[in-house]
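Peer 1:
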Amino acid sequence: MKIASWNVNSLKVRLEHVCEWLTAQQPDLLGLQELKLTDDKFPVTELDALGYGAVFAGQKTYNGVAILYRKASMPAPLDVQVNLPSFPDEQKRVIGATFGDLRFVSAYVVNGSEVGSEKYDYKMRWLEALRTDLAAWSNTWTKLALVGDFNIAPADEDVWDPAGWGEAVLCSPPERQHFRALLDLGYCDAFRQLPQAPASFSWWDYRQLGFQKNRGLRIDHILLSKTLQAQLKACSIDRAPRKKPQPSDHAPIWAELA
DNA sequence: ATGGCAGGTACGACCTGA
Numbered sequence: 405m406k407i408a409s410w411n412v413n414s415l416k417v418r419l420e421h422v423c424e425w426l427t428a429q430q431p432d433l434l435g436l437q438e439l440k441l442t443d444d445k446f447p448v449t450e451l452d453a454l455g456y457g458a459v460f461a462g463q464k465t466y467n468g469v470a471i472l473y474r475k476a477s478m479p480a481p482l483d484v485q486v487n488l489p490s491f492p493d494e495q496k497r498v499i500g501a502t503f504g505d506l507r508f509v510s511a512y513v514v515n516g517s518e519v520g521s522e523k524y525d526y527k528m529r530w531l532e533a534l535r536t537d538l539a540a541w542s543n544t545w546t547k548l549a550l551v552g553d554f555n556i557a558p559a560d561e562d563v564w565d566p567a568g569w570g571e572a573v574l575c576s577p578p579e580r581q582h583f584r585a586l587l588d589l590g591y592c593d594a595f596r597q598l599p600q601a602p603a604s605f606s607w608w609d610y611r612q613l614g615f616q617k618n619r620g621l622r623i624d625h626i627l628l629s630k631t632l633q634a635q636l637k638a639c640s641i642d643r644a645p646r647k648k649p650q651p652s653d654h655a656p657i658w659a660e661l662a
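Numbering (this note's numbering), first residue to last: 405 to 662.
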């Protein structure tokens, strides 16, 4: 089974890229973030034509998350849950669903703007709630994958210029502690369970030829529970869509499970 | 220190992203 995550930075603009990637990669589950569209504009028909169903929670302009599932291989989603139960929020940042005995959660973690700002404080409280709810979910589901744009580079090796970034937002010690706390609930960072090339990133700034110079960050992650970790066969970031015209600034990350 | 690029809103610049 192949599971994946992709911050598409507007599903309206990126629909062709998503359709091409689904066709080429045939993931069984794909978590999307930053849809930037309301539910009435979600491309149900186009995805259905490729054999994919979807559950989604969108809003105007910002945020918005979805789970796409390959209908030929996956049962229908059950127990669809939008947002964090312990954190009432107007912003649509989380959607979870159960496929057979697998719980799959797609999350778009708060960016945080800059350390010490009001948005950074919101990010801290939001991550605290995510920890609380992930702990609760872990009591219900042993096979759980939490995927998404975490807006945290877990370590210096996940930053193209650690000295330059320092302890700025996405790299600050409190954010990294929050990421570590999620792992401490019994999860692994799938990407780091396997050998990877140095300077592997999932996001590159649109400006200053960021991608061409590989000036990026690894902020998109697949977290696996222990049971799923034991099934992990491969994990990779696919840079190909980032090379296309009018790309998302994020690349998809995928993991193969036995 | 700032802006640079991109998307959305809405048709002006401005907000947000990471």
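Just so it is clear, CB atoms sit at the ideal spot from N, CA and C, and this is done for glycine as well. Here the structure is a predicted model, which is why all the values come from computation and not from measurement.
I'd like the list of long-range same chain contacts for Y526, defined as Cβ closer than 8 Å, with 5 residues on each side in sequence excluded.
Peer 2: V514 and G516
Peer 1: Give the range of the alpha helix (DSSP H) segment to which N543 is assigned.
Peer 2: Boundaries of the alpha helix (DSSP H) harbouring N543: E522 to T544, taken from the DSSP string.
Peer 1: Going by other Cβ atoms of all chains shown within 10 Å of its Cβ, with 16 needed for buried, is L613 buried or exposed?
Peer 2: Looking at its Cβ environment, which holds fewer than 16 other Cβ atoms inside 10 Å, L613 is exposed.
Peer 1: Below 8 Å, can you find three or more Cβ-Cβ pairs linking the stretch 583-600 to the stretch 635-649?
Peer 2: yes
Peer 1: Given a threshold of 16 other Cβ atoms within 10 Å of its Cβ, counted over all protein chains shown, does Q616 qualify as buried or as exposed?
Peer 2: exposed
Peer 1: Nearest by alpha-carbon distance to A603: which of V573, W569 and D562 is it?
Peer 2: Of V573, W569 and D562, the residue nearest in Cα terms is D562.
Peer 1: For K416 versus L441, is the C-beta distance shorter than 8 Å?
Peer 2: In this structure, K416 sits near L441, with a CB-CB distance shorter than 8 Å.
Peer 1: Assuming the contact rule is C-beta atoms closer than 8 Å, D443 and G462 should be a hit. Round their C-beta distance to whole Å, please.
Peer 2: 5 Å
Peer 1: Beta-carbon separation of S652 and H421 under 8 Å?
Peer 2: yes
Peer 1: Express the C-alpha separation of V498 and M528 in angstroms, rounding to a whole number.
Peer 2: 16 Å
Peer 1: Assuming A659 and R646 make a contact with CB atoms under 8 Å, what is their CB distance in whole Å?
Peer 2: Rounded, the Cβ-Cβ distance is 19 Å, inconsistent with contact.
Peer 1: Use the C-beta contact count for D553: other C-beta atoms within 10 angstroms, 16 or more gives buried, fewer gives exposed.
Peer 2: buried
Peer 1: For K496, count neighbouring C-beta atoms within 10 Å of its own C-beta (all shown protein chains included) and say buried if the count is 16 or more, exposed if not.
Peer 2: buried
Peer 1: Would you call the CB atoms of Q437 and S510 closer than 8 Å?
Peer 2: yes
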